[in-house]
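Colleague:
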Amino acid sequence: MDLKILERSDTRCVEKGLVKENSRVRHASEDALIDQAIEAAEEYAEGFMNRPIMLTKFQLRVARVLPEITLPRPPLVELVSLAYTPKGDASVEVDLSSVTEREVDMLSTVTVADLSATSGDMTVVYTAGHEEASDVPSTIVRAVLLLASHFYKNREATFIDSRVMNVEKKIPYGVRDLLIRHRIPNADSMINGGY
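According to the working numbering, the sequence shown is numbered sequentially starting from 4.
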């Protein structure tokens, strides 16, 4: 299985103004740094949850021709195209009206009614994620806000203070606690028998 991002939405689930307010920043001189912190926080959250936050177009390549394919990174918004390439032959575009979609174990599954080949590979292009920032669950928004503010305030990989050694205090109900209920565990291994 090979999953590639083709296109990402420019919209973020957390606005720069909210991160600035949360971090008590009143100037614009570090806006680029805050934008980067928001982007990094969203990417971390997406990786942890195994799902996109905002609308994202994916291309999934599977090294077999399968009548049923489970798509990683839900929620499925639109199936854009589905094609298969029989071994030693030209690519065949599947008529999407012959494809049915359903959700199984939090993952979207597509079933192709008629496949003339059993060996070869398949390519699926689809979009997933939330179309509007207002559609994103508040727990995800809060987690991204906490993490973006943390990235903005802590610009170094380590904390050096001779008076304090190895102090790490996790916030109860922090980022992981907020995201865990939206997480799809082991998404990659659940898909198409690991292919």
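Glycine included, each C-beta is placed from N, C-alpha and C at the ideal position.
The structure presented is a predicted model; accordingly, all values stated were derived computationally and were not measured.
Just to confirm before moving on: does the CB-CB distance between T103 and S94 stay below 8 Å?
Modeller: Taking the first residue of the sequence shown as position 1, residue 103 is located at position 100. Taking the first residue of the sequence shown as position 1, residue 94 is located at position 91. No, these two residues do not count as a Cβ contact at 8 Å.
Colleague: Would you grab the beta carbon distance between L148 and L21 for me? Rounded to a whole angstrom, and I think it's under 8 Å.
Modeller: Translated into the one-based positions of the sequence shown, residue 148 becomes position 145. Translated into the one-based positions of the sequence shown, residue 21 becomes position 18. The pair is a contact, with the Cβ atoms about 6 Å apart (cut-off 8 Å).
Colleague: Do H185 and M52 count as a contact pair if the criterion is CB distance below 8 Å?
Modeller: Walking along the sequence shown from the start, residue 52 turns up at place 49. Walking along the sequence shown from the start, residue 185 turns up at place 182. Remark: C-beta atoms of M52 and H185 approach each other more closely than 8 Å.
Colleague: Do the segment 137-154 and the segment 97-111 make contact, defined as three or more Cβ pairs closer than 8 Å?
Modeller: no
Colleague: Assign I37 to buried or exposed, taking buried as 16 or more other Cβ atoms, counted over all protein chains shown, within 10 Å of its Cβ.
Modeller: For the purposes of this step, residue 37 is taken as residue 34 along the sequence shown, with counting starting at 1. So I37 counts as buried.
Colleague: Quick check on Y176: buried or exposed, where buried means 16 or more other Cβ atoms within 10 Å of its Cβ?
Modeller: In the sequence shown, the residue the question calls residue 176 occupies position 173. Per the 10 Å Cβ criterion, exposed.
Colleague: Give the DSSP bridge partners of K7, in chain order.
Modeller: Translated into the one-based positions of the sequence shown, residue 7 becomes position 4. DSSP, once it has assigned bridges, lists Q62 as partnering K7.
Colleague: For E49, count the other beta carbons within 10 Å of its own beta carbon; 16 or more makes it buried, fewer makes it exposed. Which is it?
Modeller: Counted from its first residue, the sequence shown places residue 49 at position 46. Buried: at least 16 other Cβ atoms inside 10 Å.
Colleague: State the DSSP-derived secondary structure class of M57, mapped to helix, strand or coil.
Modeller: Along the sequence shown, one-based indexing puts residue 57 at 54. Note: M57 maps to strand in three-state DSSP.
Colleague: In terms of residue numbering, what span does the beta strand (DSSP E) encompassing I183 cover?
Modeller: In the sequence shown, the residue the question calls residue 183 occupies position 180. Unbroken run through I183: none, as it is neither H nor E.
Colleague: Apart from the five residues on each side of it in sequence, which residues of its chain come closer than 6 Å, Cβ to Cβ, to K7?
Modeller: As a position in the sequence shown, residue 7 is number 4, starting the count at 1. Closer than 6 Å at Cβ, skipping near neighbours: Q62.
Colleague: Compute the Euclidean distance between the alpha carbons of I72 and D13, then round it to the nearest angstrom.
Modeller: Taking the sequence shown and counting its residues from 1, one reaches residue 72 at position 69. Taking the sequence shown and counting its residues from 1, one reaches residue 13 at position 10. Between I72 and D13, the C-alpha separation is close to 28 Å.
Colleague: Which partner residues of R76 appear in the DSSP bridge assignment?
Modeller: Mapped onto the sequence shown, residue 76 falls at position 73. Looking at the DSSP output, R76 sits in no beta bridge, so it has no partner there.
Colleague: Can you list, in chain order, the stretches of the alpha helix (DSSP H) that have 4 or more residues and sit fully within the segment 93-159?
Modeller: As far as the segment 93-159 is concerned, its whole alpha helix (DSSP H) runs of at least 4 residues are 141-156.
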